[in-house]
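Chemist:
In my numbering, the protein residues as written are 2 to 307.
Next comes the structure, spelled out in structure tokens:
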């Protein structure tokens, strides 16, 4: 899905560890074939090609699962997360390549082909209908967390419960390393690729995702536009902040980080309270320092030894 994918695990049997890791990577690759919008042949892209045909299309269990989760995310976030933003994502990817700002007509046209409410699911037949012609699904805002969680599950099924999976910064953790209370995980400082915030997370059997624009953005007339597009306006975000979301599963942490990048801080904190166990940190540069705002429970996931 356009990101590096790494597995860290502990096991006292090298052969078993190797087999388990191979099975987890195989699972990740299989899901990539289903969910990647970078591959024309992926199942999600083939489904998008049926948009506007007025018919339900039977899909695989993983794709149906992620679409169910995506529609729930859309409902909970009131559209801040929207898996149907594919036309807008395509427009802004082209802008990053050509350095040409999307014109108003292009954005308006793309917006007309979005809307998670126009995705219809038939749970009995495990089928999907995309109501409007031109709709394109993009699982980038929750897919990496979904795949990471699936890979961790495969490791567990192969007897490896002490592991961490990192799918492009979307991290899921199992049991901690031997003799440790959890996995130590750093959080990037806003507008920094290498610098971390002073405090580290200490997680076990939890997931974390951070969204920001430090790696993918485009500048026009001195203004930076993020790769994260607001589904309401069709414009890449311009407010430069990092959003770190913690949740019990990778898929939820992933879409929360995306949605809370778009929502105001007040609405983000309200959303987090709807998800049991979830926590949120928002950081941004202010003057010469870093401004931090977090949910009241975020401190519960910090390394207390700091």
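No residue lacks a Cβ here, since even glycine has one placed at the ideal position from N, Cα and C.
1) Give me the Cα-Cα distance between residue 231 and residue 87, rounded to the nearest whole angstrom.
2) Under 8 Å Cβ to Cβ from residue 17, same chain only, skipping five residues before and after it: list those, please.
3) When burial is assigned at 16 or more other CB atoms within 10 Å of the CB, is residue 28 buried or exposed?
4) Distance check for residue 203 and residue 180, CA to CA, integer angstroms please.
5) Have a look at residue 107 and residue 26 and give me their C-alpha separation to the nearest angstrom.
6) Taking only runs of the beta strand (DSSP E) that begin and end inside the segment 162–216, which ones reach a length of at least 3 residues, in chain order?
7) Please go through the segment 219–287 and give each complete alpha helix (DSSP H) segment of 4 or more residues, from N-terminal end onward.
8) Among all the DSSP beta bridges, which residues are the ones paired with residue 122?
9) Taking just the CA atoms, how far does residue 109 sit from residue 175?
10) What number of angstroms, rounded off, separates the C-alpha of residue 69 from the C-alpha of residue 252?
11) Below 6 Å CB to CB, which residues in the same chain sit around residue 119 once its five sequence neighbours on both sides are set aside?
12) So what's residue 6 in DSSP terms, helix, strand or just coil?
13) Expressed to the nearest angstrom, what Euclidean distance is found between the alpha-carbon atoms of residue 80 and residue 165?
14) Flag this pair as yes or no: are the beta carbons of residue 238 and residue 263 separated by less than 8 Å?
15) List the DSSP bridge partners of residue 154.
16) Does residue 138 come out as helix, strand or coil in the three-state DSSP assignment?
17) Kindly identify the DSSP beta-bridge partner or partners of residue 293.
18) Any idea if residue 125 is buried or exposed, counting beta-carbon neighbours within 10 angstroms, 16 or more meaning buried?
19) Starting from residue 92 and walking both ways along the alpha helix (DSSP H), at which residues does that stretch end?
20) Look at the alpha carbon of residue 56 and the alpha carbon of residue 89, and state the distance between them as a whole number of angstroms.
21) On the CB-based measure, 16 or more other CB atoms within 10 Å of its CB, does residue 171 come out buried or exposed?
22) Looking at the secondary structure, which residues open and close the alpha helix (DSSP H) in which residue 84 lies?
23) Looking at the strands, I want to know which residues DSSP matches up with residue 59.
24) Of all the options 205, 296, 284, which has the alpha carbon lying nearest to the alpha carbon of residue 250?
25) Please classify residue 303: does DSSP put it in a helix, a strand, or coil?
26) In whole angstroms, what is the alpha-carbon distance linking residue 290 and residue 74?
27) Could you compute how far the alpha carbon of residue 241 sits from the alpha carbon of residue 277?
28) CA-CA distance, residue 130 and residue 48?
29) Compare the beta carbon distance of residue 36 and residue 200 with 8 Å and say whether it is the shorter of the two.
Modeler: Reading off the structure:
1) Computed Cα separation, rounded: 12 Å.
2) Cβ neighbours of residue 17 beyond the five flanking positions: 159, 160, 161.
3) In the assembly as shown, residue 28 is a buried residue. Its beta-carbon has 16 or more other beta-carbons within 10 Å.
4) Their backbone Cα atoms lie some 13 Å apart in a straight line.
5) Distance between the alpha carbons of residue 107 and residue 26: 38 Å.
6) With a minimum length of 3 residues, the continuous beta strand (DSSP E) runs that stay inside the segment 162–216 are 164–168, 171–174, 184–186, 202–204, 208–212.
7) If only uninterrupted alpha helix (DSSP H) runs of at least 4 residues are considered, those enclosed by the segment 219–287 are 251–263, 266–273.
8) BP columns for residue 122 point to 129.
9) For residue 175 and residue 109, the distance between alpha carbons rounds to 44 Å.
10) Between residue 69 and residue 252, the C-alpha separation is close to 11 Å.
11) Excluding residues within five positions, the ones whose Cβ falls inside 6 Å are 132, 133.
12) Residue state, collapsed to three classes: strand.
13) Using only the alpha carbons, I get a separation of about 31 Å.
14) Contact: yes.
15) According to DSSP, residue 154 bridges with nothing at all.
16) Under the three-state reduction of DSSP, residue 138 is assigned to coil, being neither helix nor strand.
17) According to DSSP, residue 293 shares a beta bridge with 284.
18) Residue 125 is exposed by the Cβ-count criterion.
19) For residue 92, the enclosing alpha helix (DSSP H) begins and ends at 87–99.
20) Looking at the two C-alpha atoms, the distance is approximately 24 Å.
21) Residue 171 is buried by the Cβ-count criterion.
22) No alpha helix (DSSP H) holds residue 84; DSSP gives it neither H nor E.
23) Answer by DSSP bridge pairing, in chain order: 128.
24) With distances taken between Cα atoms, residue 250 lies closest to 205.
25) Strand at residue 303.
26) In a straight line, the C-alpha of residue 290 is about 33 Å away from that of residue 74.
27) In a straight line, the C-alpha of residue 241 is about 28 Å away from that of residue 277.
28) Whole-angstrom Cα-Cα distance: 9 Å.
29) Not a contact, by the Cβ cut-off of 8 Å.
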